[in-house]
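Here is the structure we will look at, set down as structure tokens.
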Amino acid sequence: MTSSPQSGAIAIGHNTVVTADYRLADETGEALDDSYRSGPMRYLHGHRQILPALERALDGARAGDTLTIELAPEEAYGPRQQNLVFEANRSALPADLDLHPGQRLRSGSHGRQFSLRVVQLTEQGAILDGNHPLAGKRLKFSIDIREVRAATEQEASNGQPAGT
395 MTSSPQSGAI AIGHNTVVTA DYRLADETGE ALDDSYRSGP MRYLHGHRQI
445 LPALERALDG ARAGDTLTIE LAPEEAYGPR QQNLVFEANR SALPADLDLH
495 PGQRLRSGSH GRQFSLRVVQ LTEQGAILDG NHPLAGKRLK FSIDIREVRA
545 ATEQEASNGQ PAGT
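Heads up: the sequence shown at position 43 corresponds to 437 in the numbering used here, and the numbers run straight through without jumps.
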């Protein structure tokens, strides 16, 4: 961690609202996401809005700090699980759905939702993958903390920053 803390600046801790610029890359250095595409990261610290290992690494940082955080797959989205890749018969998929590789599908029941990605089409239907797209990847976050402030009472009780 490289830091240049400002005197008197509030540190990231439970019920602080954090705004940061970030870059996310995999172990090869390939850019996966960044705040230039997605906008700055803004979250309420201590409310499970980001990966727990990332939140722990940011704890105590201050506005002006720059951090590089590497997470193993087990700390991020878990290892790839081959049992989550399976073939679904066309009869089990919505009839009006025009399937294509790379397509994301939402499924679930009893209040539990999960995402599936179409890997390839088959004569019987499609190969689907229920792994998170970043499962099995070592991730590297480069984070520039822009602002840290105490959450308002409403933000703390709602569990998210205002405006989200």
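All residues carry an ideal CB built from backbone N, CA and C; glycine is no exception. Treat the numbers as computed from the prediction; the structure is a model and nothing was measured.
First through last residue of the alpha helix (DSSP H) which encompasses residue i
| i | result |
| --- | --- |
| Y471 | Segment: none, Y471 is in no alpha helix (DSSP H) and carries neither H nor E. |
| L448 | 446-452 |
Residue j beta carbon less than 8 Å from that of residue i
| i | j | result |
| --- | --- | --- |
| K534 | E424 | no |
| A520 | L493 | yes |
| P488 | V512 | no |
| D415 | D538 | yes |
| A556 | N409 | no |
Residue span of the beta strand (DSSP E) that contains residue i, given as start and end
| i | result |
| --- | --- |
| E481 | 479-483 |
| R431 | R431 -> not in any beta strand (DSSP E); alpha helix (DSSP H) instead, spanning 429-432. |
Inter-residue Cα distance where the pair is residue i and residue j
| i | j | result |
| --- | --- | --- |
| E421 | L528 | 11 Å |
| Y436 | G472 | Tyr is not the amino acid found at residue 436; the sequence shown has Arg there. Computed Cα separation, rounded: 23 Å. |
| A457 | R540 | 5 Å |
| E469 | R498 | 24 Å |
Assigned exposure category for residue i - 16 Cβ within 10 Å defines buried
| i | result |
| --- | --- |
| I404 | exposed |
| D523 | buried |
| E549 | buried |
| S459 | The question names Ser, yet the displayed sequence has Asp at residue 459. When all chains shown are included, D459 counts as buried. |
| V411 | buried |
Sheet register partners of residue i (DSSP bridge)
| i | result |
| --- | --- |
| T410 | A544 |
| V512 | L522 |
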